[in-house]
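Shown next, in structure tokens, is the structure this report addresses.
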Amino acid sequence: MVGAGDLELQTKQALNNIAIILASENASFANLVKLNIYLVRGSDPRIGYKAFLEVAGELDNPPLVTVLFVSEFARPSCLLEIDGIAVIEDKD
1 MVGAGDLELQ TKQALNNIAI ILASENASFA NLVKLNIYLV RGSDPRIGYK
51 AFLEVAGELD NPPLVTVLFV SEFARPSCLL EIDGIAVIED KD
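Structure (structure tokens):
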């Protein structure tokens with residue numbers, strides 16, 4: 001795991017993973033319409049927001065973001081999980 005116990009590094013890694021998935025469909029963070037962020041209770045969401053800006057940059061139309069606090073994940077060193085929805089034009 002990248003950044004075990006480090007919210008900033010874990011956030012950046014998760015966002016980089018999302019960027020790779022988006023790029024595989026010729027999309028970017030601008031295509032995101034929704035992000036769900038699950039944080040271990042006690043984590044500071046401002047750290048994640050700062051990391052998001054560093055990775056994704058300022059977006060003209062940022063996605064709707066829901067932050068949910070959970071008691072823990074199966075792996076104790078994991079501090080967050082992120083999932084999202086992107087809208088991408090049909091290639092056909």
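Residue numbers (full-length UniProt numbering): 1 to 92. All C-beta atoms in this analysis are idealised placements derived from N, C-alpha and C, irrespective of residue type, glycine included. Remember, it's a predicted structure, so these values are computed and weren't measured experimentally.
| task | Within the same chain, show all residues whose beta-carbon is closer than 7 angstroms to that of residue 1, passing over the 5 residues directly before and after it, in chain order. | result | Translated into positions along the sequence shown, residue 1 becomes position 1. So the qualifying residues of the chain are 75, 77 and 78.
| So what does residue 84 bridge to, in DSSP terms? | As a working mapping, residue 84 is identified with position 84 in the sequence shown. 35, per the DSSP bridge assignment.
| message | Just to confirm, is the Cβ distance from residue 88 to residue 14 under 7 angstroms? | response | Looking up residue 88 in the sequence shown gives position 88. Looking up residue 14 in the sequence shown gives position 14. Not a contact, by the Cβ cut-off of 7 angstroms.
| According to the Cβ coordinates, are residue 55 and residue 12 closer than 7 angstroms? | For the purposes of this step, residue 55 is identified with residue 55 of the sequence shown, where counting begins at 1. For the purposes of this step, residue 12 is identified with residue 12 of the sequence shown, where counting begins at 1. Taking 7 angstroms as the Cβ cut-off, residue 55 and residue 12 qualify as a contacting pair.
| Nearest to residue 93 by CA position, among 59, 45, 29 and 23, is which residue? | No statement about residue 93 is possible, as the shown extent of the chain runs from 1 to 92 and does not include it.
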